[in-house]
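Asker: Those letters in the sequence shown? Residues 1 to 64, per the UniProt record's numbering, in order.
Below you will find the structure I want to go over with you.
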Amino acid sequence: MITVHLRYEIAPDKLDDFTEYGRTWIRLVEKHGGTHHGYFMPSEGDSDEAFALFTFPSLAAYEV
């Protein structure tokens, strides 16, 4: 299994755009056999930061 961790820096005025982007990526990851675990924003600290986690069964599956 391979887990991918992404860090995003989000412009405060682009939060709606990021929401649409995130929903698109959830569908794409699942379409290609992965599991998207969601997007996460810290409850404290920087408010322009978000993280995403998704997994694939193997590196080969991720690279397809």
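By construction, the Cβ of each residue, glycine as well, lies at the ideal position given by its N, Cα and C atoms.
(1) So is residue 29 buried or exposed if we call it buried at 16+ other beta carbons inside 10 Å?
(2) Within the same chain, show all residues whose beta-carbon is closer than 6 Å to that of residue 8, passing over the 5 residues directly before and after it, in chain order.
(3) In three-state terms, what does DSSP make of residue 2?
(4) In chain order, which alpha helix (DSSP H) runs of at least 4 residues are fully inside the UniProt domain "NIPSNAP" (7-63)?
(5) Between residue 2 and residue 39, is the Cβ-Cβ spacing less than 8 Å?
Answerer: The answer reads as follows:
(1) Here the question's residue 29 lines up with position 29 in the sequence shown. Under this definition residue 29 is a buried residue.
(2) Mapped onto the sequence shown, residue 8 falls at position 8. Shown here for residue 8: same chain residues with a beta carbon closer than 6 Å to its own, the five before and five after excluded, namely 50 in chain order.
(3) The count along the sequence shown starts at 1 and reaches residue 2 at position 2. DSSP, read as helix, strand or coil, puts residue 2 in strand.
(4) Runs of the alpha helix (DSSP H) inside the UniProt domain "NIPSNAP" (7-63): 15-31 and 59-63.
(5) Counting from one through the sequence shown, the residue named residue 2 turns up at place 2. Counting from one through the sequence shown, the residue named residue 39 turns up at place 39. No; because the gap between Cβ atoms is not below 8 Å, this pair is not in contact.
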